[in-house]
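Taking my numbering, the leading residue of the sequence shown gets 268, the next gets one more, and so forth.
We treat Cβ as the ideally placed atom computed from N, Cα and C, and that holds for glycine.
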Amino acid sequence: MNCSHCQGLDELFSAEYVAKEVAKYRRQGPDKTTRMLTNALKQQGVHELTLLDIGGGVGAIQYELLDAGVKSATDIEASTAYPAAAKAESQKRGYAERIHYHQGNFVDLAEHIQPADIVTLDRVICCFPDMQQLVGLSVARAGKLYGVVYPRDIWWMKMGLAVQNFFFRLQRNPFRVFIHPSEAVEAIIMRSGLKRIFYRRTLLWQVVVYSR
């Protein structure tokens with residue numbers, strides 16, 4: 268992820284935007300696809316497991332799985348506004364001592380990040396230009412379960428993201444969103460020795476869980 272893309276990420280996920288996301292989470296809980304992902308993980312049993320949540324945002328996956336018995340969580344967040352908001356929210360929920368935060372690009376930090384039983388990427392693959400590095404490095408750190416939410420590789424989603432990128436260009440924001448081929452994503456995951464155990468899709472998104 269180049270510096271201009273990171274700068275665009277910060278412009279998009281500003282402190283004001285993040286504050287609205289926190290307020291929305293407090294009112295409504297996780298988004299539909301996030302809930303689908305966490306419910307699928309819970310069905311596999313998460314008690315006393317560790318979590319690595321890449322692109323954790325406000326921390327929704329972390330709170331849901333800590334509530335379900337996860338022992339500890341590590342949050343990796345590329346934007347600069349989310350970590351402060353997530354730390355404040357974890358303090359309110361009594362989880363501050365059980366969540367470890369790292370701000371930066373996961374690919375750059377990966378060699379310093381310990382493996383975890385569960386690794387999650389919720390709407391993160393679509394924000395990253397180099398899917399191969401992101402998926403390859405993250406799946407290598409999954410000891411038991413690997414869960415992802417990413418765009419369906421389908422024409423209407425491609426059209427929608429093309430429009431979104433057009434508006435980013437108009438706004439002179441260097442951030443871009445990507446639809447990476449589903450077969451390519453899954454091939455990297457499967458090569459690491461995981462098997463798919465859960466798959467659901469909505470109009471726009473696919474929710475997938477893999478197990479070792």
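So, for residue i: in the same chain, excluding its five sequence neighbours on each side, which residues have a beta-carbon less than 6 Å away from its beta-carbon?
i, result
"Asp384", "Leu316, Thr317, Gly410 and Lys411"
"Val507", "Since the first residue of the chain shown is 268 and the last is 479, residue 507 is not available in this structure."
"Ile464", "Val476 and Ser478"
"Asn269", "Only weak support exists for where Asn269 lies, its pLDDT of 49 falling under 50; the coordinates are left without a value."
"Ala307", "Phe465 and Val476"
"Lys309", "Ala335"
"Thr301", "Ala327 and Asp389"
"His367", "Thr341"
Decide if residue i is buried, meaning its Cβ has at least 16 other Cβ atoms within 10 Å, or exposed.
i, result
"Glu331", "buried"
"Ser281", "exposed"
"Gln329", "buried"
"Thr469", "exposed"
"Met426", "exposed"
"Asp389", "buried"
"Trp472", "buried"
"Glu450", "exposed"
"Pro350", "buried"
"Val430", "exposed"
"Leu437", "exposed"
"Arg439", "exposed"
Using the DSSP secondary-structure output, state which residues sit across from residue i in a beta bridge.
i, result
"Trp423", "Looking at the DSSP assignment, Trp423 forms no beta bridge with any residue, so it has no partner."
"Phe517", "With the chain covering only 268 through 479, there is no way to say anything about residue 517."
"Ser459", "Bridge partners of Ser459: none, in fact."
"Pro418", "Trp472"
"Tyr413", "Val386 and Tyr477"
"Ala340", "Leu318 and Ile366"
Considering only residues of the same chain and omitting the five flanking positions on each side of residue i, which have a CB-CB separation below 8 Å?
i, result
"Leu428", "Cys393, Pro418, Val444, Phe445 and Ile446"
"Leu404", "Phe373, Val374 and Ala377"
"Met424", "Pro418, Ile446 and Leu471"
"Arg408", "Leu319, Ala377, Ile380, Gln381, Pro382, Ala383 and Val386"
Could you name the residues of the same chain whose beta carbon sits closer than 7 Å to that of residue i, not counting the 5 residues immediately before and after it, in chain order?
i, result
"Glu356", "Val289, Val325 and Gly326"
"Ile338", "Before going further, note that residue 338 is Lys rather than Ile in the sequence given. If we look at Lys338 and ignore the five residues flanking it on each side, its Cβ neighbours are Glu315, Leu316 and Thr317."
"Ala454", "none"
"Leu279", "Asn440 and Phe442"
"Asp420", "Ile446, Pro448 and Ser449"
Is there contact here, the stretch 298 to 318 with the stretch 374 to 390, by at least three beta-carbon pairs under 8 Å? yes
Counting beta carbon pairs with one atom in the stretch 454 to 462 and one in the stretch 284 to 293, are three or more of them shorter than 8 Å? no
Quick test of the definition: if touching needs 3 or more C-beta pairs under 8 Å, does the stretch 304 to 316 touch the stretch 342 to 362? no
Is it the case that the stretch 289 to 300 contacts the stretch 361 to 378, given that we only count it when at least three CB pairs across the two stretches are under 8 Å? no
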